[in-house]
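Residue numbers (our numbering), protein chains in the order written: chain A, 4 to 347; chain B, 4 to 347; chain C, 4 to 347.
Report on one structure; see the data block that follows.
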Amino acid sequence: MSYTLLEISKHVEGELLGDPDYVVSSLGSLHKAKPEQLSFISNPKYANQLSSSEAGAVLIRDLKDASKVRNAILVRNPYLAFAKVSQLFVSDPQGWSANIHPSAQIHPTATMGHGVVLGPNVVIGANTAISDNVMIGAGTVLDEDIVIGEKTRIAANVSLYSGVVLGARCIVHSGAVIGSDGFGFAPDQGAWRKIHQLGSVIIGDDVEVGANTTIDRGAIDNTIIGNGVKIDNLVQIAHNVVIGDNSAIAGCVGIAGSSIIGKSCTLGGGVGLAGHLSITDNVHVTAMSLVTRSIHEPGSYSSGTALDSTPKWRRSAARLRRIENMAAQITKLEKQVSTLLTKG
Amino acid sequence: MSYTLLEISKHVEGELLGDPDYVVSSLGSLHKAKPEQLSFISNPKYANQLSSSEAGAVLIRDLKDASKVRNAILVRNPYLAFAKVSQLFVSDPQGWSANIHPSAQIHPTATMGHGVVLGPNVVIGANTAISDNVMIGAGTVLDEDIVIGEKTRIAANVSLYSGVVLGARCIVHSGAVIGSDGFGFAPDQGAWRKIHQLGSVIIGDDVEVGANTTIDRGAIDNTIIGNGVKIDNLVQIAHNVVIGDNSAIAGCVGIAGSSIIGKSCTLGGGVGLAGHLSITDNVHVTAMSLVTRSIHEPGSYSSGTALDSTPKWRRSAARLRRIENMAAQITKLEKQVSTLLTKG
Amino acid sequence: MSYTLLEISKHVEGELLGDPDYVVSSLGSLHKAKPEQLSFISNPKYANQLSSSEAGAVLIRDLKDASKVRNAILVRNPYLAFAKVSQLFVSDPQGWSANIHPSAQIHPTATMGHGVVLGPNVVIGANTAISDNVMIGAGTVLDEDIVIGEKTRIAANVSLYSGVVLGARCIVHSGAVIGSDGFGFAPDQGAWRKIHQLGSVIIGDDVEVGANTTIDRGAIDNTIIGNGVKIDNLVQIAHNVVIGDNSAIAGCVGIAGSSIIGKSCTLGGGVGLAGHLSITDNVHVTAMSLVTRSIHEPGSYSSGTALDSTPKWRRSAARLRRIENMAAQITKLEKQVSTLLTKG
């Protein structure tokens with residue numbers, strides 16, 4: 004798997020400043036790259052690494068950087084160009100991935116498009132419809148009445164419950180669970196009575212679902228994930244959540260039931276969203292913040308406190324518990340000083 | 004799957020105000036329900052949606068709301084009534100779910116009750132005992148010496164380690180892991196020596212365990228989950244934790260080792276509990292709070308800070324790190340003002 | 004499985020104060036242990052339980068405690084001695100664990116050492132190399148080009164992506180996913196373009212990976228876990244993270260991309276680490292703290308606030324949002340008092 008710089012520069016629609024016949028065979032980070040590797044610089048603060056980099060070629064944005072490297076490909080957005088190039092170096096899986104493994108259990112009522120690859124021990128339930136060129140990894144279980152759009156890839160040991168709809172060109176990573184019951188119970192004489200979860204999960208096109216992420220089915224209506232949404236690992240999405248197109252959810256986020264998230268939002272790692280909230284488009288929440296109210300204005304939001312040494316933090320945390328007293332002290336002082344100033 | 008309103012009203016022990024022969028065939032949320040659907044109103048703040056709802060019938064609590072809807076069923080607790088009705092509309096699984104799939108691997112020493120359903124590729128280890136009417140989804144692995152109570156349903160790709168005991172009428176969702184080793188290591192010359200985890204996990208009746216939730220086996224004694232406990236997705240329950248009957252644990256909660264939680268407690272999403280704590284009955288902890296001390300009084304508890312715009316939050320967080328200085332400033336001012344007042 | 008106290012005391016290199024032929028057949032916690040059980044005391048605050056304990060023998064540190072118990076084994080570090088003894092009482096798995104189950108799917112190009120045990124439905128991909136005495140649980144999927152070191156044990160339903168390298172004597176618990184794609188996307192005209200993740204995951208010797216933990220493959224370079232690292236359940240380790248030898252990561256921790264953690268660090272439950280940070284050796288972070296900056300000094304670090312009753316917490320949290328106003332009030336008071344003092 005190797006390419007000439009001419010091929011690379013055409014692929015990224017960049018301007019080649021160097022040898023068009025120079026061949027690169029893999030990618031490398033700037034400070035580690037070898038002569039047979041292609042690298043990139045997206046953050047100017049690493050510009051000092053350019054002169055010492057052994058990379059065979061570098062994707063750059065500033066013409067002035069071209070002379071510092073062996074070969075340069077000038078592009079408007081080196082990070083995006085790098086993303087485009089990364090696709091060229093994906094190795095095709097070998098082994099099981101040519102067709103349908105004989106150990107796969109396919110229900111007779113399931114339907115299968117052209118070019119479908121099913122790994123060993125894949126289970127496809129009744130009435131489930133798999134579109135063309137879908138790949139499903141070993142041990143993955145698709146229950147009944149599921150629809151999978153074309154070119155979607157599902158890794159090993161994924162579980163999809165009945166009725167889930169997954170769009171085209173999605174990627175679902177190992178251990179993800181889609182369509183499990185939402186957490187719904189009515190109090191009943193000191194115990195909990197289950198509210199059976201009768202909705203489903205509808206996922207758009209070009210969605211990525213991370214490893215061991217869970218997306219619950221709706222209670223009555225569906226849980227809905229828009230097109231182009233990217234979800235990292237170990238994320239919990241509760242019943243009836245709606246996520247708008249192209250929002251990105253980092254690892255360990257938890258979104259409680261019935262909350263609606265707009266388009267092009269980003270939630271940082273470990274963020275928590277309470278239930279029944281409405282978050283408008285283009286909202287960004289920083290890591291481990293807790294959102295307990297709806298957000299109507301685009302922008303960046305945070306909660307939490309800054310890191311400190313534990314002894315100092317302990318004193319601050321104890322003091323914070325008495326902040327109301329401090330406020331009362333200030334009010335009293337203001338009155339006293341006001342009296343003194345009046346007298347004066 | 005459709006029912007007359009007479010049937011529905013009998014099932015929920017409600018009073019029908021409308022046509023007893025009117026037929027509903029599914030459930031709908033108030034603002035979306037169609038004439039063939041049944042809905043409910045539990046929160047009075049949605050009462051304004053009643054007049055415009057097209058629902059065929061609505062479970063209501065207030066007699067005055069009856070005239071606003073097509074047909075009404077008067078009940079004391081519409082949310083609980085809705086939970087009861089939801090059970091009527093659960094579709095029976097088709098496909099694999101009639102009996103024991105030939106690909107299931109059952110150890111010759113395992114025992115199996117009547118009416119057991121095992122999906123494709125289920126694995127049942129040595130000496131494991133499955134009671135009557137248990138259903139186990141595809142790819143689920145039960146190791147050795149496990150006991151499963153009657154009518155318990157385990158979804159696909161669940162892993163139960165040896166020795167785990169699961170009560171009757173439980174539901175375990177996909178990806179859940181029960182009986183993995185607790186996180187126990189003794190420091191030994193700069194490295195960690197494993198404390199082998201010799202206890203097990205004992206789970207009561209009517210427990211629900213969410214998708215990708217993990218419950219570790221005890222170190223010496225057992226980890227114990229009481230009857231009627233409901234656990235959401237991606238929850239971590241460490242070794243030797245004890246959870247009292249009918250407590251409910253929301254998604255992404257982490258409970259450290261040997262903590263004891265009382266009955267009828269609720270832990271909000273993302274809550275953390277430190278180890279070796281004792282939490283009394285009827286304690287409620289709000290989302291993402293960290294509990295680092297035992298709680299002896301019932302009530303609601305919280306930690307954390309409120310959400311703000313990131314720039315404003317950043318200033319508050321920086322200021323909080325200096326709150327001790329503020330307290331010192333106040334003390335100094337109080338002394339100075341006291342002196343001034345005395346002089347005055 | 005039973006041992007004389009002579010055998011036990013030799014195994015832990017302790018001094019036996021009691022009957023060398025006394026037999027113990029299992030372990031028990033101090034207050035519950037029966038005469039046929041061995042217990043230990045590591046925390047002096049439980050010393051009052053010694054006299055009433057029925058344990059057949061107790062691992063102790065203080066000679067003065069010996070007379071309080073039936074038989075004593077004097078050791079320097081009872082907790083470590085207990086860890087060593089716990090190994091004696093691990094039961095060998097029975098059932099499937101004698102050899103390679105006929106339902107295991109092994110690619111013809113995979114290689115297998117001596118004494119390898121593969122449970123039912125294990126899948127081993129092309130060119131994957133399994134060393135001697137490796138045990139792999141039912142339903143676990145190893146993709147292509149994977150290397151597993153000797154005596155490593157992988158539980159049921161684990162997923163390893165292609166190219167992952169796992170050292171010797173590791174333990175990987177059920178549901179763990181190693182080698183899934185890192186969360187890398189470049190913004191592209193309002194959508195996200197995937198950066199294909201071309202690195203892998205390299206894990207050292209004696210590493211434990213908890214249930215449902217996820218470790219992503221690197222984008223270009225590898226994600227690296229050092230020797231002796233212990234990782235609890237539901238931990239997220241993002242692409243290109245590096246963790247130094249003998250660090251321990253508690254449950255529900257999330258570590259964002261490219262962060263480097265030193266040796267012998269401990270991260271408490273639910274801790275979050277932002278990306279691209281550098282944490283030096285011997286850093287300890289308390290539960291649920293968020294680390295957003297590099298840490299260059301060993302020590303203990305924290306963030307967050309203390310638990311309070313919800314009504315009191317609500318007032319403190321509201322006041323904290325106005326802490327900048329409080330600071331301004333103090334500054335104003337200081338000026339006014341300074342003026343008054345000058346006048347006076």
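Ideal Cβ positions, reconstructed from N, Cα and C, are used throughout, including at glycine.
It should be emphasised that the depicted structure is a prediction, and the values quoted were computed from it without experimental measurement.
Could you give the residue range of the beta strand (DSSP E) that holds residue i?
i, result
"Thr226(B)", "226-228"
"Leu62(A)", "60-63"
"Leu19(B)", "18-20"
"Ile181(A)", "180-183"
"Leu237(C)", "First-last for Leu237(C): undefined, no H or E at that position."
"Thr217(C)", "217-219"
"His34(A)", "Premise fails: His34(A) is in no beta strand (DSSP E) and is neither H nor E."
"Ser42(C)", "40-43"
"Ala75(C)", "75-77"
"Gly302(A)", "302-305"
"His287(B)", "286-288"
Given this structure, state the Cα-to-Cα distance separating residue i from residue j, to the nearest angstrom.
i, j, result
"Arg196(B)", "Leu83(C)", "7 Å"
"Pro301(C)", "Asp284(C)", "6 Å"
"Val204(C)", "Gly185(C)", "11 Å"
"Asp68(C)", "Ala50(C)", "8 Å"
"Gly247(B)", "Ile157(B)", "22 Å"
"Ser56(B)", "Trp316(C)", "40 Å"
"Ala159(A)", "Ser89(A)", "23 Å"
"Val245(C)", "Asn215(B)", "25 Å"
"Gly221(C)", "Ile181(C)", "11 Å"
"Asp148(B)", "Thr131(B)", "4 Å"
"Val93(B)", "Lys35(B)", "20 Å"
"Ala253(A)", "Leu169(C)", "26 Å"
"Ile228(C)", "Ile151(A)", "35 Å"
"Gly21(A)", "Ile76(A)", "8 Å"
"Thr7(B)", "Leu19(B)", "11 Å"
"Ile174(B)", "Thr155(B)", "6 Å"
"Leu237(C)", "Arg64(B)", "43 Å"
Hey, quick one: how far does the alpha helix (DSSP H) through residue i stretch, first residue to last?
i, result
"Ile11(C)", "8-14"
"Tyr82(A)", "81-91"
According to DSSP, is residue i part of a helix, a strand, or is it coil?
i, result
"Thr313(C)", "helix"
"Asp68(A)", "helix"
"Met329(B)", "helix"
"Pro190(B)", "strand"
"Leu169(A)", "strand"
"Lys48(B)", "helix"
"Arg324(B)", "coil"
"Gln108(C)", "strand"
"Leu145(B)", "strand"
"Arg318(C)", "helix"
Hey, residue i and residue j are a contact pair by Cβ (cut 8 Å); roughly how many whole angstroms apart?
i, j, result
"Gly142(B)", "Val126(A)", "7 Å"
"His287(C)", "Thr269(C)", "5 Å"
"Ala259(A)", "Gly275(B)", "Rounded, the Cβ-Cβ distance is 17 Å, inconsistent with contact."
"Gln339(C)", "Val340(A)", "5 Å"
"Glu39(B)", "Ser28(B)", "5 Å"
So, is residue i buried or exposed, given that buried needs 16 or more other C-beta atoms within 10 angstroms?
i, result
"Gln192(B)", "exposed"
"Gly118(C)", "exposed"
"Glu16(A)", "exposed"
"Ser305(A)", "buried"
"Leu66(C)", "exposed"
"Ser329(C)", "Checking the sequence, you will find Met at residue 329(C) rather than Ser. With 16 or more Cβ atoms within 10 Å of its Cβ, Met329(C) is classed as buried."
"Leu344(C)", "exposed"
"Glu211(A)", "buried"
"His104(C)", "buried"
"Pro123(A)", "buried"
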